[in-house]
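Below is one structure, written out as structure tokens; comments come after it.
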Ligand code: RRO
């Protein structure tokens with residue numbers, strides 16, 4: 048088998064996972080990233096109804112990051128069929144809903160095909176699906192419990208847009224989560240001075256990329272201290288040294304998203320450096336900033 052590491056219940060090929068959203072819901076794109084060296088991939092978030100998403104512009108590339116307000120575009124249940132070409136591949140299906148019942152329903156469609164679920168309780172700019180879910184510890188716990196009924200590993204992806212992320216992390220853990228993923232995007236806004244209006248059609252969006260890396264490291268460190276389940280670090284990672292820093296903060300694995308836009312072969316490039324014969328063994332460094 049090509050699976051060589053176990054990442055919070057998921058048999059993966061290495062510790063580098065494609066973050067949700069970036070390559071959408073196209074099976075061939077996900078497959079290509081696996082061939083290019085990703086240890087596992089997370090899909091674009093799938094919800095209870097098909098959605099077109101927000102009016103554009105919905106992605107803006109900034110000097111030090113990316114800002115998006117996609118608005119949860121997704122094919123909903125039709126994605127089950129799309130996934131057929133990816134059975135036996137390390138695919139984690141990201142799902143969202145407006146309440147625990149919807150999370151349970153959507154997960155049920157994928158219970159046979161998904162290796163694991165990532166619960167998106169953290170979209171920063173979608174009415175009814177983001178802040179209302181992911182900032183309430185009772186709701187996060189209930190959504191996690193609902194999806195755990197399908198007996199698959201469940202990762203819960205958290206928003207940094209809260210005062211104390213450990214309150215939400217502990218709620219996911221109580222709900223039976225197998226891992227916490229931190230972080231989703233940081234709520235943000237830019238205004239075009241020339242056009243005298245916000246650059247995103249939705250006005251507000253989520254910031255990702257290098258600009259958010261220090262926020263992600265802080266969140267991972269806080270969660271590692273507060274929780275007993277594995278943490279997957281996500282947010283602005285763009286080189287092997289970033290991966291090592293994330294692991295020193297406590298991450299057992301990482302997700303990479305925005306950096307794929309600049310370098311489609313990022314997984315191969317980081318993997319070559321990280322897993323070189325004289326490279327640092329990823330497992331040995333988890334949490335070492337805590338000693
Ligand atoms: O689709 C989006 O607008 C989106 C989602 Br679901 C998310 O979780 N995070 C993000 O930055 N954008």
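In this note's numbering, the protein residues as written are 48 to 338. Note that beta-carbon positions come from the ideal geometry of N, C-alpha and C, so glycine has one too.
Any non-hydrogen atom of the ligand RRO closer than 8 Å to residue i Cβ
| i | result |
| --- | --- |
| residue 255 | yes |
| residue 143 | yes |
| residue 115 | yes |
| residue 231 | yes |
| residue 67 | yes |
| residue 258 | no |
| residue 174 | no |
| residue 92 | yes |
| residue 170 | yes |
| residue 248 | no |
| residue 324 | no |
| residue 208 | no |
| residue 311 | no |
| residue 252 | yes |
| residue 118 | yes |
| residue 135 | no |
| residue 100 | yes |
Burial state of residue i, where buried means 16 or more other Cβ atoms lie within 10 Å
| i | result |
| --- | --- |
| residue 289 | buried |
| residue 63 | buried |
| residue 210 | exposed |
| residue 96 | exposed |
| residue 242 | exposed |
| residue 73 | exposed |
| residue 135 | exposed |
| residue 48 | With a pLDDT of 43 at residue 48, under the threshold of 50, the modelled position of this residue cannot be trusted, and the question is left open. |
| residue 131 | exposed |
| residue 137 | buried |
| residue 225 | buried |
| residue 341 | Outside the displayed range of the chain (48 to 338) lies residue 341, so it cannot be described from this structure. |
| residue 238 | exposed |
| residue 306 | buried |
| residue 235 | buried |
| residue 275 | exposed |
| residue 302 | buried |
| residue 182 | buried |
| residue 10 | No answer is possible for residue 10: it lies beyond the span of the chain, which begins at 48 and ends at 338. |
| residue 309 | exposed |
| residue 258 | buried |
| residue 311 | exposed |
Span of the beta strand (DSSP E), counted from its first residue to its last, around residue i
| i | result |
| --- | --- |
| residue 114 | 112 to 115 |
| residue 172 | Neither: residue 172 is in no beta strand (DSSP E) and is coded neither H nor E. |
| residue 89 | 87 to 89 |
Beta-bridge pairing of residue i - partner residues as DSSP gives them
| i | result |
| --- | --- |
| residue 248 | Residue 248 pairs with nothing; no bridge assigned. |
| residue 239 | 244 |
| residue 63 | 301 |
| residue 202 | 165, 226 |
| residue 121 | 98 |
| residue 58 | 53 |
| residue 234 | 253 |
| residue 153 | Looking at the DSSP assignment, residue 153 forms no beta bridge with any residue, so it has no partner. |
| residue 141 | 165 |
| residue 281 | 302 |
| residue 109 | 112 |
| residue 93 | 142 |
Proximity test, Cβ basis, 9 Å: residue i and chain B
| i | result |
| --- | --- |
| residue 271 | Looking at the structure shown, chain B is missing, and only one protein chain is on hand. |
Run of the alpha helix (DSSP H) containing residue i, from where it starts to where it stops
| i | result |
| --- | --- |
| residue 273 | 260 to 273 |
| residue 213 | 212 to 221 |
| residue 129 | 126 to 129 |
| residue 133 | No alpha helix (DSSP H) contains residue 133, which DSSP labels as neither H nor E. |
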